[in-house]
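Engineer: Residue numbers (our numbering), protein chains in the order written: chain D, 82 to 699; chain P, 2 to 222.
Cβ coordinates follow ideal geometry from the N, Cα and C atoms, glycine included.
Bear in mind that the values here come from a model prediction, so they are computed numbers and not experimental data.
Dropping the structure in here first, questions after.
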């Protein structure tokens, strides 16, 4: 390993790497994100290595395990370069065929290609509808890079923004560029990043100590974009942090990452070590005389530690609970010193802005929300995965064009944006442009970018109860409105879903929600009533049906539904009898079956098991 | 000095003062449970919330942690403030119905029923005892354990810590156990009448011995 002592040496080294690589040499890239890990990508890549070796091709074909490609619904994803042939749902058993057909005979394995609704096969990744409508500026490099190889990152132009910032820009210029770009924090608050950096830089500090923190404590249910960035492209975050440190004149950085993200911790650790070896981190970075190093701090999994002051308390070794932020953390943060905290995705945007300029960046997006945003599209949607889209795109484009709509032809009902404290946006607002301000106007928020899609089989009261339960457990418990208020809110919602709701409960929920929102200490509490208030706002009829008619329109709330068997549809096959854990179903073969309501626990297993849709929920 | 307006009256206080202190200096009553002049402000009970007017908008903030700012306009008892305070008191009573301090506060604010489920924990987690132990006794024998609804005040591993000098300061400063509400039964979570009218017995000349007061009163020396 050689230590790079100047920007010229870095550029020279990059050219060396590129010269040693033949762009026409076949390269099999295997997505190794967390989603694909669950689909046994590990075994797929082992199968490739083994099969290539047995055919004596190991020197002629490169095998690269990359970060997350985003299309998690169809993992394991294998892309073969230089033709960029994309195979989906690859199993270890498919590997010999891929090697024999594609790598040797140069033909396609049709059955592994993407097939659109008209039956047309699509060969290239970028032409698949899921990718076609996206703008993958931050996330795009993931598919070319082995996260454990700094050479791969350098080969796609990595650390060139750092060289530019360190060697040819003054700190004020860097801040000016970030300010002009209009970048806003991607962690939830949407605070302008450039202004934050400027305040931190100008804040007085004894001995000039300032801290830089990367907030990787992503804990929203169903959200994993920060995780995939850290796992798939850790160097982009490190590069962004060094540029930030240079602008703020900080010499100490921390990445606060969840302990539950072992792969992210591991890949980041390797990346930091590599950056240090090449002189991109540590003392005298690229011979500029600037010192900066980053430490990893692993969080214990408390959702509240994603809040900046709670995170800093946790980093100092105290209980992770927030404090009043009348004096901002940019003035009084970690250890009482000026501290600049940004989210993973925000840091990953920084090298792009420095490389391409603020003008290029500010062209993307809307008037007040610039750039792209990564969303994790989950729930009742055909194409589950991570999508990166320009700000201002409509929900309809995300859900139907990229997400491919709702499975099994069911009707789209609502989408929850912004994680557990976000709000539910109903079908009537599906043409809403997605940006920071418009989402808040609709009663939700951008948050860190979770997007949970719901269809007609989702009960909105039950959904609100789920999120409130999550937040009740994850509240730090310091202030009364959040600790006691959310707990009582959960009690009321539980009563409603169990058929014990009183007519005054809906108003009480609204009143309590307003107080929690207005008086809580931190952003967790003040946004926590969003799922309840937004569902009451848009789906009040469902609440009223639960309270007044003791009826769950979506057929979810167990206490309010009964299962019965349709006389005409039942074929008497007996599958439901076998599926029932309560032995509540009886009936002879080829004769109508019946459900004993006394024994039935409304688990729904019979409904799932019946192939003739003969189990009716009412 | 910082100039600000509280309830329409202009005042000027030294920088670093909190809005609660500035208002109390002026004789304006703001109820507070987790605030104590001798301890670091904590901002947990949210009873001391006030309205901070910013142009045509206003925000609710806890006055005990809010530092005064030049030109600030504060309203301490608007309809918005009292509405929010009432709900907070209801929530506190639901968690700790047998506290006379809370029942008195509820009565003074016109809270005549608790609409939430009563889950008596006999503690409002105001943190006065924890801060008293740490800041005044330099001990740190007690602290918070758990989060969310399972948060509670406890000693490390449930054992009496070496740091504890049995000063009883924690009990003395507790706004909840200081005087228990003696009402035999509660209607809708509030006692509705004050049976505990007898003054608590104290020493003729209080020496601030930090001895526990408790519901039975002080031991008179």
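Just to confirm my understanding: we take residue 409 of chain D, look at its own chain, exclude 5 residues before and 5 after, and list those with CB closer than 8 Å. What are they?
Structural biologist: 280
Engineer: Taking any Cβ of chain P, which residues in the segment 396 to 418 of chain D have a Cβ under 9 Å from it, in chain order?
Structural biologist: So the list reads 400, 401, 402, 404, 405, 407, 408, given in the order they occur along the chain.
Engineer: Taking residue 116 of chain P as the query, report the chain D residues whose CB atoms sit under 7 Å from its CB, ordered along the chain.
Structural biologist: 589
Engineer: Could you give the DSSP three-state label for residue 250 of chain D: helix, strand or coil?
Structural biologist: coil
Engineer: Would you check if there are 3 or more beta carbon pairs closer than 8 Å linking the segment 486 to 499 of chain D to the segment 436 to 454 of chain D?
Structural biologist: no
Engineer: Take residue 271 of chain D as the anchor and find which of D/582, D/520, D/614, D/595 has the nearest alpha-carbon.
Structural biologist: The shortest CA-to-CA distance from residue 271 of chain D to any of D/582, D/520, D/614, D/595 is the one to D/520.
Engineer: Return the CA-CA distance between residue 121 of chain P and residue 550 of chain D, expressed in angstroms with no decimal places.
Structural biologist: 20 Å
Engineer: Let me check one thing: in DSSP terms, what residues is residue 145 of chain P bridge-paired to?
Structural biologist: P/154
Engineer: Count Cβ pairs between the segment 120 to 136 of chain P and the segment 96 to 112 of chain P that sit closer than 8 Å; are there 3 or more?
Structural biologist: yes
Engineer: Measure the C-alpha to C-alpha separation of residue 632 of chain D and residue 601 of chain D and round it to an integer number of angstroms.
Structural biologist: 33 Å
Engineer: Bridge partners of residue 376 of chain D, per DSSP?
Structural biologist: By DSSP's assignment, residue 376 of chain D forms a beta bridge with D/335.
Engineer: How many angstroms separate the CA atom of residue 596 of chain D from the CA atom of residue 83 of chain D?
Structural biologist: 60 Å
Engineer: Could you give the DSSP three-state label for residue 358 of chain D: helix, strand or coil?
Structural biologist: helix
Engineer: Can you name, in chain order, every residue of its own chain whose Cβ lies under 7 Å from the Cβ of residue 284 of chain D, other than the five neighbours on each side?
Structural biologist: 411, 412, 419
Engineer: Taking the continuous beta strand (DSSP E) assigned at residue 611 of chain D, which residues delimit it?
Structural biologist: Residue 611 of chain D -> not in any beta strand (DSSP E); alpha helix (DSSP H) instead, spanning 611 to 629.
Engineer: Measuring alpha carbon to alpha carbon, tell me which of D/464, D/546, D/240, D/127 ends up nearest residue 434 of chain D.
Structural biologist: D/240
Engineer: Secondary structure at residue 4 of chain P, three-state DSSP: helix, strand or coil?
Structural biologist: strand
Engineer: Suppose you measure from the CA of residue 217 of chain P to the CA of residue 148 of chain P; what does that come to, to the nearest Å?
Structural biologist: Because residue 217 of chain P sits at a pLDDT of 43, beneath the cut-off of 50, its placement in the model cannot be relied upon, and the point is left open.
Engineer: Just to check my reading of the structure: residue 676 of chain D and residue 642 of chain D have Cβ atoms closer than 8 Å, yes? What is that Cβ distance to the nearest angstrom?
Structural biologist: Actually they are not in contact, since the Cβ atoms of residue 676 of chain D and residue 642 of chain D sit about 12 Å apart, beyond 8 Å.
Engineer: Check whether the Cβ of residue 98 of chain P lies closer than 8 Å to any Cβ atom in chain D.
Structural biologist: no
Engineer: Beta carbons nearer than 7 Å to chain P: which residues of the segment 543 to 576 of chain D have them?
Structural biologist: 553, 554, 555, 556, 557, 558, 559, 560, 561, 562, 564, 565, 566, 568, 569, 572
Engineer: Of all the residues that make up the segment 594 to 627 of chain D, which are near chain P by a beta-carbon distance shorter than 7 Å?
Structural biologist: Within the segment 594 to 627 of chain D, those residues whose Cβ lies closer than 7 Å to any Cβ of chain P are, in chain order, 596, 599, 600, 602.
Engineer: Taking Cβ to Cβ, would you say residue 209 of chain D is nearer than 8 Å to residue 153 of chain D?
Structural biologist: Between residue 209 of chain D and residue 153 of chain D, the gap from beta carbon to beta carbon reaches 8 Å or more.
Engineer: Can you tell which of D/206, D/218, D/396 has its C-alpha closest to the C-alpha of residue 297 of chain D?
Structural biologist: The shortest Cα separation from residue 297 of chain D among D/206, D/218, D/396 belongs to D/396.
Engineer: Give the range of the alpha helix (DSSP H) segment to which residue 323 of chain D is assigned.
Structural biologist: Where residue 323 of chain D is concerned, the enclosing alpha helix (DSSP H) stretches over 315 to 329.
Engineer: I'd like the list of long-range same chain contacts for residue 388 of chain D, defined as Cβ closer than 8 Å, with 5 residues on each side in sequence excluded.
Structural biologist: 403, 603, 604, 605
Engineer: Please list, in chain order, the residues of the segment 100 to 112 of chain P that have any C-beta partner in chain D closer than 7 Å.
Structural biologist: none
Engineer: Residues in the segment 35 to 59 of chain P with C-beta within 7 Å of chain D's C-beta atoms, listed in sequence order?
Structural biologist: 44, 45, 46, 47, 50
Engineer: Take the Cβ of residue 215 of chain D as the centre, count every other Cβ of all protein chains shown within 10 Å, and call the residue buried at 16 or more, exposed below.
Structural biologist: It counts as buried.
Engineer: Here's a check: name, in chain order, each residue in its chain whose Cβ is nearer than 7 Å to the Cβ of residue 130 of chain P, leaving out the five neighbours to either side.
Structural biologist: 143, 154, 171, 174, 175
Engineer: Sorted by chain position, which residues of the same chain lie with C-beta nearer than 6 Å to residue 505 of chain D's C-beta, five sequence neighbours on each side aside?
Structural biologist: 495, 497, 615, 616
Engineer: Pull up the distance between the alpha-carbon of residue 585 of chain D and that of residue 611 of chain D, whole angstroms please.
Structural biologist: 20 Å
Engineer: Can you grab the Cα-Cα spacing for the pair residue 405 of chain D / residue 390 of chain D, in whole Å?
Structural biologist: The C-alpha of residue 390 of chain D is placed about 8 Å away from the C-alpha of residue 405 of chain D.
Engineer: Taking only beta-carbon positions, decide if residue 88 of chain D is within less than 8 Å of chain P.
Structural biologist: no
Engineer: Which one of D/328, D/127, D/205 has the shortest CA to CA distance from residue 421 of chain D?
Structural biologist: Of D/328, D/127, D/205, the smallest CA-CA separation from residue 421 of chain D is found for D/328.
Engineer: Could you check what DSSP says for residue 363 of chain D in three-state terms: helix, strand or coil?
Structural biologist: Note: residue 363 of chain D maps to strand in three-state DSSP.
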